Structures are given as structure tokens and as C-alpha cells.
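Some notes on the structure that comes next.
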Amino acid sequence: MSDLTRSDAPRPSVAARLPGLSALGPLLALILLVALGATLNENFLSAGNITNVLARSAFIGMIAVGMTFVITSGGLDLSVGSMAAFIAGVMILGMNALLPSMGVGLPLVLAGMGIALGVGLLAGLGNGLLVTKARIEPFIVTLGTMGIFRSLVTWLADGGTISLDFGVRQFYRPVYYSGLFGIAWPIIVFAIVAVAGQIAMRHTRFGRYCEAIGSNDKVALYSAVNVERIRLMTYVLLGLLVGLATIMYVPRLGSASGSTGMLWELEAIAAVIIGGTALKGGYGRVWGTVIGVLILSLIDNILILADLVSPYLNGTIQGVIIVLAVVLQRGKSSSA
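So the sequence shown is numbered by this note's numbering: it starts at 82 and just counts up by one.
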């Protein structure tokens, strides 16, 4: 049979059976951070600052939604930051090359978006095939491709920066700086991705299969689930979402370099773990990932506004958060 029956499926964890209880921690942390930020700086709750925080978190948020499916199915992807840099570089070079024949306008921008999504799909497909067909551990695969993508974009930029033509950049800027009803486009796109991801995780076979494979891939295989195909689909989905995030990111700066997307993989993984998705797989919570993204963005914003810690220590703080989140997860599972 195609669906997992109740007897076939592995017994869910306490967090999975009582999601409301396990969700209180991240939600309370988010509320406390908002209160703390409002106390430390009067401009924290201003419309401009909130919009800036949400727009900046949208890139990581889109990637983190895809990462949720990968981790839920028992995988991992360390290459998303360097993948985004590579996609941005190829996208900009492609748009600059098409400019003489297409001119500045919507067709050129759409062509650039197509390039970004196409490269993202191929990059995710490559990672997925190495994991599923070559049967290499996801950590090793994506650690290797992380170096490959970062090296390629540095080579394409000749050690410098790949810049979008000025006229094209001016035409493309509204994709990041404009919006609908006062809401920036990156925020709108992130919201759509988050809602679609939550629906896919909770109300489709794909989401159920991801959780089943992450819990016990052998049981899922015996229950007629195509384990390799589902795992491959999670990496392809993540690659597409990295491409989508890059589409929204490029008009912000109009350039790409070897440092673009630095530590994005760390932020995406941290957001997923903070949101309650099990690092070992088997249970995913997309809306929890959204909360995790907002928590990380607010921490970063509060540190900048209050001038409490050097911005160069943001990676340290995120790393500590990941470790603490994993420790808390292990504590919950051991008490279960």
C-alpha cells in the first residue's frame, strides 16, 4: 500500500504527539525578545525597523523552509550559503550577457529569474543524487559542494565582485525595495513559501513521507514509500528555494562575490532546530522554523540597536544557539 498505516509508522515522540507544548518555548522566546527590544530601544517597534528585520530575514526564511524538509527526512545541507553565492554570480553574468540583445526590461529580469531557479534546481539535484544514488553521507556531500560552489563563484568573479549592469540594477531594485500595500516583496514571498511549506508538511503525502523516512527509512521502504525519490525531492526543493531567495536578494546589492551568503547555512539550520524540527529527522515543523528565523533576526537586530556585542560575533552567537537547541532537544527526548 502507498500510505503508511498507523501500525507501520514508528511511534512519534512526545514533541510530535504534543506539538502545542513543545512549541511554547520558541513562541515565548519570540515574545520576550520583542519585549526586550522595545525596552532597549524606542525605535525597535517602528514600522521601518520591523520591515527591515522581516525583509532581511526573508532570504534565510525561504531557505530554512526547504531545509526543514531536508532535515525532517534525515538529511542535511551545508552548501546553501555558497550555493546562493554561486547562483547569484551565474544569474548576474547571464543577465549582463543577455543585456545587449534583450535590453533593460521585464523580459531580461524574467530571464535572470529563470536562470536562478534553473541553477538552484540543478545544484539541489546534484546534492540529492550524490546522497541517494552514490549513497554518500549528506554531511560529506554538502560539505564538499559548499567548497565547490564558493570556489566557483570566487573564480567567476576573479577574486573580486560580479556586478549587475547599473541600468538593469535600477530596473530590478523594486523587487527588493518595493512591495504591495506597504509590505516588501521579499516578506510577501516568504509568507507564501511558509504557508505552502506548512500545508505540504502537514496535509500532503510528501510531508508525511518525509517524517516517516526521517523516523525509520527501512519501515518507510517496507510501507511502499519510494525513499530515494522523496529524499531527492527534498534536496531539489531546497535548491529551488535557494534560487528563489537569491532572486529576491540580488536586487538588494546588485552584486555577488566569494563572501555572498556567508553563514547562511548556519542561520538556516539554527532556525530549523530552534523551531522544533528534530535534528535527527522524523518530525518537522515549518511554522516553528518561521519562528526560529524571526528569533535569530530579532537577536541580531537587538544586538545592533543596543550596541551590546560586536556584529563580528554574530556567528558565535548563532553557533551557541544551535548547540543549546540541540542539547534541549536531547533533554526532551531522553525524558520522553
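Yeah, the Cβ is synthetic: ideal placement off N, Cα and C, and Gly gets one too.
Treat the numbers as computed from the prediction; the structure is a model and nothing was measured.
- Restricting attention to alpha helix (DSSP H) runs no shorter than 4 residues, the segment 340-394 encloses them at 345-355, 367-387, ordered along the chain.
- When DSSP reads this structure, Ile243 sits in a beta bridge with Ala337.
- Per DSSP, the unbroken alpha helix (DSSP H) holding Val190 starts and ends at 187-213.
- The beta carbons of Ser160 and Asn208 sit about 7 angstroms from each other, so the pair counts as a contact at 8 angstroms.
- Just so you know, the alpha carbons of Ser244 and Leu157 end up roughly 31 angstroms apart.
- Burial is judged here by how many other beta carbons sit within 10 angstroms of a residue's own beta carbon; Phe125 has at least 16 and is buried.
- Cβ contact annotation for Asn395 (same chain, cutoff 7 angstroms, sequence separation greater than five): Asp381, in chain order.
- Around the CB of Val200, 16 or more other CB atoms lie within 10 Å, so the residue is classed as buried.
- Within the same chain, and ignoring the five residues on either side of Leu261 in sequence, the residues whose Cβ sits closer than 8 angstroms to its Cβ are Ile269.
- If the five residues before and after Thr327 are omitted, its C-beta is found closer than 6 angstroms to the C-beta atoms of Ala165, Ile168, Ala169, Ala197, all from its own chain and listed in chain order.
- Under the three-state reduction of DSSP, Leu114 is assigned to helix.
- As computed with DSSP, Ala265 is found in a beta bridge with Gly260.
- In the structure shown, Thr226 adopts helical secondary structure according to DSSP, grouped into three states.
- For Leu322, the secondary structure class from DSSP, reduced to helix, strand or coil, is helix.
- Following the DSSP letters along the chain, one finds Arg289 inside the alpha helix (DSSP H) bounded by residues 286-296.
- The Cβ atoms of Gly142 and Val300 lie no closer than 8 angstroms to each other.
- Under the 8 angstroms Cβ criterion, the segment 360-379 counts as touching the segment 292-307, having at least three qualifying pairs.
- DSSP places Asn307 outside any alpha helix (DSSP H), giving it a letter other than H or E.
- Nearest in C-alpha terms to Tyr316, of all of Ile131, Leu108, Thr341, Leu211, is Leu211.
- Look at Gly278 here: in three-state DSSP terms it is helix.
- Pairing Leu360 with Val404 gives a Cβ-Cβ distance that is not under 8 angstroms.
- In the pairwise beta carbon analysis, the segment 251-265 is classified as touching the segment 320-339: at least three pairs are separated by under 8 angstroms.
- Taking every protein chain shown into account, the CB of Pro219 has 16 or more other CB atoms within 10 angstroms, so this residue is buried.
- With contacts defined by Cβ atoms closer than 8 angstroms, Val249 and Leu325 do not form a contacting pair.
- The Cβ atoms of Val371 and Ala275 lie closer than 8 angstroms to each other.
- Assigned with DSSP and collapsed to three states, Phe271 falls in helix.
- In summary, Ile112 is exposed, with fewer than 16 beta-carbon neighbours lying within 10 Å of its beta-carbon over all protein chains present.
- The C-beta distance from Thr213 to Leu313 rounds to 5 angstroms, short enough to meet the 8 angstroms contact threshold.
- Counting other Cβ atoms within 10 Å of its Cβ, Val222 reaches 16 or more and is therefore classed as buried.
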